[in-house]
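Structure first, then comments.
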Amino acid sequence: MARSAALLSLVWAAVVTGPATAAGVLAGSWGNDVGCAGVKAGSQDSDAYIVLTAEGIETYGSSCRFAQQLMSVPGAQSLRSTCSAEGEAGTTIETIVVTNKGEDGFFVTIPGLDEMGPLQSCS
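Counting from 7, one number per residue, gives the positions in the sequence shown under our numbering.
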């Protein structure tokens, strides 16, 4: 009887809370004006192209994939990333800092590069 009650409690909890969701994961694409235009056009044709998603950041000649998904929480997140650049062999591991400044957008810092941003929603 106790086992049935425990099972019923688990089923009830699943019904009440619903399925697990990725609440808080950054939704959509975020970029500068050139990046968002490229997202809408489905191509990138400018050195100024920058697009940020929950999975990584892409510029005209490079990209970095995050080891974990970027969340939409305010403040800074340090993300271990695997990066590659056009014209370079192999990949590098970098710690990228992505800062959500609310209405001011997202800012991205990659070691050795200038801060990128503000990046606004492309939707």
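Cβ coordinates follow ideal geometry from the N, Cα and C atoms, glycine included.
Bear in mind that the values here come from a model prediction, so they are computed numbers and not experimental data.
Asked	Found
On the DSSP bridge assignment, give the partners of C70 in chain order.	I63, C89
What three-state label does DSSP hand A29 in the structure shown?	Note that A29 scores 42 on pLDDT, short of 50, meaning its location in the model is unreliable; the coordinates nonetheless yield the value given after this. If DSSP states are grouped into helix, strand and coil, A29 belongs with coil.
Should G67 and I56 be called a contact, given that it needs their Cβ atoms to be closer than 9 Å?	no
Going by DSSP, name the residue or residues bridged to V57.	G37, E64
Here's the rule I'm using: 16 or more other beta-carbon atoms within 10 Å means buried, otherwise exposed. How should I102 be labelled?	buried
Roughly how many angstroms separate the alpha carbons of V45 and E92, rounded to a whole number?	19 Å
Between the C-alpha atoms of E109 and Q75, what's the straight-line distance to the nearest angstrom?	21 Å
Rounded to a whole number of angstroms, what is the C-alpha to C-alpha distance between S87 and E64?	12 Å
Can you confirm whether L76, when its beta carbon is compared against all beta carbons of chain C, has any partner nearer than 9 Å?	Judged by its chain identifiers, the structure shown contains no chain C, having just a single protein chain.
Looking at C-alpha atoms only, which residue of A43, G62, A47 is the closest neighbour of A54?	A43
Leaving out the 5 sequence neighbours to the left and right, which residues in its chain are closer than 8 Å to V31 when beta-carbon positions are compared?	A60, Q75, L76, M77, S78
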